[in-house]
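Here is the structure we will look at, set down as structure tokens.
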Amino acid sequence: MLTKATPIKISANFHPDERAVLFHGDCLELLKQIPDGSIQLVVTSPPYNIGKEYEKKLNLDQYLEQQANVIKECVRVLNEKGSICWQVGNYVDNGSIIPLDTVLFPIFHELGLVLRNRIIWHFEHGLHCSRRFSGRYETIIWFTRKSKDYVFNLDPVRVPQKYPAKKYFKGPKKGQYSCNPLGKNPGDVWDIPNVKSNHVEKTEHPCQFPVELIERLVLAMTNENDWVLDPFLGVGTSIIAALRHNRRGAGAETVQRYVEIARERIKKAINGTLKVRPMNKPIYNPDQKRNNLTVAPWSQPNTTPPLLKIRQIIDA
Ligand SMILES: C[S@@+](CC[C@H](N)C(=O)[O-])C[C@H]1O[C@@H](n2cnc3c(N)ncnc32)[C@H](O)[C@@H]1O
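Quick note: to get the working numbering, add 2 to the position in the sequence shown (first position is 1).
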């Protein structure tokens with residue numbers, strides 16, 4: 003972790019010797035400053051083209067063309083052992099959903115990259131739909147170059163074993179613990195709370211990453227001092243996740259207000275005062291915590307659900 007003794011300045015432009023680069027402007031302009039092969043991890047959540055306050059809705063072909071221009075540049079700056087993680091949800095067209103990872107995959111494939119995982123990021127909170135099941139996951143598509151020599155550090159991201167006390171019951175290892183004491187592979191379905199109003203990291207940005215989501219990618223796919231780049235930076239989460247683990251972070255953001263928030267958050271991350279939800283903290287379970295809001299008033303003795311009460315009055 004970085005300490006107050008580590009002097010880090012936030013630079014406005016990219017230079018390989020910097021540690022934190024916050025570029026205010028279009029990501030293609032930042033990418034132009036970055037030499038070939040110098041980034042170890044590109045991680046981002048691009049606009050989904052659904053008419054959020056920071057985007058102009060385009061038709062799907064125009065959107066994909068725009069994305070392809072950015073992805074092509076990201077591949078140019080990617081190190082031989084590097085990774086690209088593109089985190090996306092659905093584009094909605096006249097009530098029909100189009101999972102963006104399915105339409106973006108061919109762009110990466112054409113550029114010679116290999117899909118290593120399609121990670122399902124599952125969370126509990128979001129819009130309540132009335133004409134389809136409410137969406138409660140998004141995906142992260144993780145690509146590397148064709149070589150199998152890409153960086154993948156499993157140990158720092160292992161999660162606790164389900165049955166750590168389990169032993170081999172036969173064979174030469176009989177009696178020994180059968181699982182890895184460092185924990186198990188986290189798998190490709192990740193339960194990580196999304197940043198909604200009660201989340202400790204919430205800012206005014208409508209769809210920021212939780213820091214712990216990016217920390218897992220940073221720890222697994224980079225080593226200390228490597229560069230992490232987020233072309234669609236928002237309020238700085240990817241740079242924060244990088245700096246918290248002694249990596250370098252760079253990102254571009256077009257909206258001035260988000261750049262300002264990113265700068266304040268990055269400064270706090272540098273001096274150790276940024277509040278973040280710790281990695282692997284168990285998800286809040288209201289039943290276990292005996293939260294009294296989990297008890298429906300109409301399930302109490304002598305109470306009747308309001309709608310049922312009305313029905314009874316009508317039927318009487
Ligand atoms: C889905 S948000 C990313 C939020 C980010 N993951 C975070 O944790 O804050 C996408 C961001 O990309 C920004 N953006 C859109 N087009 C851009 C461009 N061409 N260059 C740089 N940023 C852009 C938007 O303003 C928005 O903040």
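Every residue, glycine too, gets a C-beta built ideally from N, C-alpha and C.
Would residue i pass as a contact of residue j if the rule is Cβ separation under 8 Å?
i, j, result
"residue 208", "residue 54", "yes"
"residue 115", "residue 77", "yes"
"residue 86", "residue 44", "yes"
"residue 248", "residue 217", "no"
"residue 88", "residue 46", "yes"
"residue 102", "residue 90", "yes"
"residue 191", "residue 263", "no"
"residue 194", "residue 183", "no"
"residue 62", "residue 100", "yes"
"residue 80", "residue 41", "yes"
"residue 155", "residue 219", "no"
"residue 178", "residue 170", "yes"
"residue 276", "residue 242", "yes"
"residue 30", "residue 71", "yes"
"residue 82", "residue 13", "no"
"residue 197", "residue 206", "no"
"residue 229", "residue 250", "yes"
Using DSSP with H/G/I as helix, E/B as strand and the rest coil, what is residue i?
i, result
"residue 292", "coil"
"residue 203", "coil"
"residue 130", "coil"
"residue 232", "strand"
"residue 115", "coil"
"residue 4", "The pLDDT assigned to residue 4 is 49, lower than 50, so where the model puts this residue is not dependable, and the model offers no usable value."
"residue 31", "helix"
"residue 252", "strand"
"residue 210", "coil"
"residue 12", "strand"
"residue 319", "In the structure as shown, the chain begins at 3 and stops at 318. Residue 319 is therefore absent and cannot be evaluated."
"residue 18", "coil"
"residue 279", "coil"
"residue 101", "strand"
"residue 71", "helix"
"residue 76", "helix"
"residue 169", "strand"
"residue 261", "helix"
"residue 52", "coil"
"residue 266", "helix"
"residue 285", "coil"
"residue 81", "strand"
"residue 148", "coil"
"residue 86", "strand"
Have a look at residue i and residue j and give me their C-alpha separation to the nearest angstrom.
i, j, result
"residue 231", "residue 181", "35 Å"
"residue 84", "residue 132", "42 Å"
"residue 4", "residue 272", "Summary for residue 4: the model assigns pLDDT 49, below 50, so the residue's position carries little reliability, and this model does not support an answer."
"residue 138", "residue 173", "43 Å"
"residue 244", "residue 236", "15 Å"
"residue 130", "residue 199", "16 Å"
"residue 126", "residue 311", "31 Å"
"residue 113", "residue 74", "7 Å"
"residue 98", "residue 105", "14 Å"
"residue 295", "residue 307", "15 Å"
"residue 316", "residue 214", "53 Å"
"residue 176", "residue 186", "20 Å"
"residue 57", "residue 298", "40 Å"
"residue 64", "residue 286", "41 Å"
"residue 300", "residue 313", "14 Å"
"residue 274", "residue 252", "19 Å"
"residue 233", "residue 239", "12 Å"
"residue 66", "residue 309", "48 Å"
"residue 224", "residue 292", "40 Å"
"residue 284", "residue 318", "49 Å"
"residue 319", "residue 107", "The requested residue 319 is not part of the displayed model; the chain covers only 3 to 318."
"residue 325", "residue 92", "The chain is shown from 3 up to 318; residue 325 falls before or after that span and cannot be answered."
Do residue i and ligand 2 come close, with the Cβ less than 7 Å from some heavy atom?
i, result
"residue 207", "Among the ligands present in this structure, namely ligand 1, ligand 2 is not found."
With residue i and residue j assumed to form a contact (beta carbons below 8 Å), what rounded beta-carbon distance in angstroms separates them?
i, j, result
"residue 143", "residue 117", "6 Å"
"residue 254", "residue 27", "6 Å"
Inset, instruction - Determine contact between the stretch 251-259 and the stretch 274-285, defined as no fewer than three beta-carbon pairs at a distance below 8 Å. - result: no
Legend entry - Touching by the beta-carbon criterion (3+ pairs, under 8 Å), the stretch 36-52 and the stretch 157-171: no
Inset, instruction - Decide yes or no for the touch test of the stretch 261-271 against the stretch 20-28: beta carbon pairs closer than 8 Å, at least 3 of them. - result: yes
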